[in-house]
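First residue of the sequence shown: 121, per this note's numbering; consecutive thereafter. Heads up, the beta-carbon is just placed ideally off N, CA and C, and yes, glycines get one too. First the structure, in the form of C-alpha cells, and then the observations on it.
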Amino acid sequence: AIAGRIYPDVGVFAVGIGLTAAALKGDTATYLLLQKGASPTLCVTLLAECFFWFAAMLVAMITSAVVVRWLSPGDPRHDASASSIDPVLTHMAASGIPLLGRWLAPAAAANDRVRDRRHTVKHMAVMVLVALVLIRICAAGATDRAIRHGQVCFAVTAAFYIAARRAQAMFPVSSSFWSCCAVVLTCVVAFAFAAVMSGGGDAERLAPVPPSTFLRALPITYVALGIAVTVFARWQTHHEQPRP
Numbered sequence: 121a122i123a124g125r126i127y128p129d130v131g132v133f134a135v136g137i138g139l140t141a142a143a144l145k146g147d148t149a150t151y152l153l154l155q156k157g158a159s160p161t162l163c164v165t166l167l168a169e170c171f172f173w174f175a176a177m178l179v180a181m182i183t184s185a186v187v188v189r190w191l192s193p194g195d196p197r198h199d200a201s202a203s204s205i206d207p208v209l210t211h212m213a214a215s216g217i218p219l220l221g222r223w224l225a226p227a228a229a230a231n232d233r234v235r236d237r238r239h240t241v242k243h244m245a246v247m248v249l250v251a252l253v254l255i256r257i258c259a260a261g262a263t264d265r266a267i268r269h270g271q272v273c274f275a276v277t278a279a280f281y282i283a284a285r286r287a288q289a290m291f292p293v294s295s296s297f298w299s300c301c302a303v304v305l306t307c308v309v310a311f312a313f314a315a316v317m318s319g320g321g322d323a324e325r326l327a328p329v330p331p332s333t334f335l336r337a338l339p340i341t342y343v344a345l346g347i348a349v350t351v352f353a354r355w356q357t358h359h360e361q362p363r364p
C-alpha cells in the first residue's frame, strides 16, 4: 500500500513476480508435451489457462486501485474531481477497465475518452507484433532443445519489456490496462500459431521438444511475468515522457 502511492500498479507487479516465482518451482511444459502431445487441443487448453491467469491479474489490478483510492487524500464520495483523486490512480491499470475505471478514477476516464481511445488499438497492435517477433528472436536456436525455465523467462522478459516501451513511445496511453491486454492478445496469436504448427506433426521430432517456439512458455509465465515486466517498463516511460 505504501509503495503503491509512488508507482502505479506496484501491487500488480508484486503479484506477477510472485506467480512467476511459484511457476519456477514447478515443471516446464515438457510434462504436458509428454502426456498430451503437441496438438491443437493442447494449444486451446493453454490459451484458456491464459485467460484464467489474466482474470487473476485483473483481481490484483482492482484490489491495488481500491487500496490506493482508499489511501488517497480527500473524500471521493463527496468530491470526484481530479484534485481529490491521487494522481497515481490516473495511470493505474484499473482506471482503464471499462465502466469500473470511471468509478476508480473519474479524471483518468475523462482523459481516456479525449485522448487514449485514438491510440488504444495501435498501441496494442505494436506491442503484440514486437513481442511476438522478439520472443522468436530470443528463442532462436532452441527449437531442437529441451525447455529451460531460465531461457523462457528471459525471452518473455526481454520481449515484453521492449514491446511495452516501444508501444508507449509510439502511441502513448494513460492506463497500463491496455498494455496488459496486449499481453493476453500476444498469447492468443502465439498459441494460434502454435496450433497451426502442431497440426502437421513431425515424426522426427522428440516428444519433449515443442514444435513451436511459443509452446516453450507456460500460460502463467506469459501472463504473470509479461504483465509484471510491462508494468515495470511503463514506470520508466512514465518518468521519461511528458504526461498529458
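*By a C-beta neighbour count over all protein chains shown, 10 Å radius and 16 as the cutoff for buried, is aspartate 129 buried or exposed?*
buried
_Quick check on DSSP: helix, strand or coil for serine 159?_
coil
*Taking 9 Å as the CB-CB limit, is alanine 141 close to chain D?*
You won't find chain D in this structure, because it holds only one protein chain.
*Can the beta-carbon of phenylalanine 133 be found closer than 9 Å to that of alanine 348?*
For phenylalanine 133 and alanine 348, yes; Cβs fall inside 9 Å.
*Consult DSSP for proline 339 and reduce its assignment to one of helix, strand or coil.*
helix
*Could you tell me the distance, in whole angstroms, from the CA atom of threonine 161 to the CA atom of alanine 315?*
8 Å
*DSSP three-state assignment for histidine 243, whether helix, strand or coil*: DSSP places histidine 243 in helix when its eight states are reduced to three.
*Exposed or buried, what is valine 135 when buried is set at 16 or more other beta-carbons lying within 10 Å of its beta-carbon?*
buried
*Short Cβ contact (9 Å threshold) for alanine 344 with methionine 177*: yes
*If you drop the 5 nearest sequence neighbours on each side, which residues of the same chain put their C-beta closer than 6 Å to that of alanine 302?*
So the qualifying residues of the chain are Met244, Met247, Val248.
*Relative to the C-alpha of serine 296, which residue among Gly146, His239, Ala143, Leu167 is closest?*
For serine 296, the closest alpha carbon among the candidates Gly146, His239, Ala143, Leu167 is that of His239.
*Can you tell me the Cα-Cα spacing of serine 299 and threonine 333, whole angstroms?*
The straight-line gap from Cα to Cα measures roughly 22 Å.
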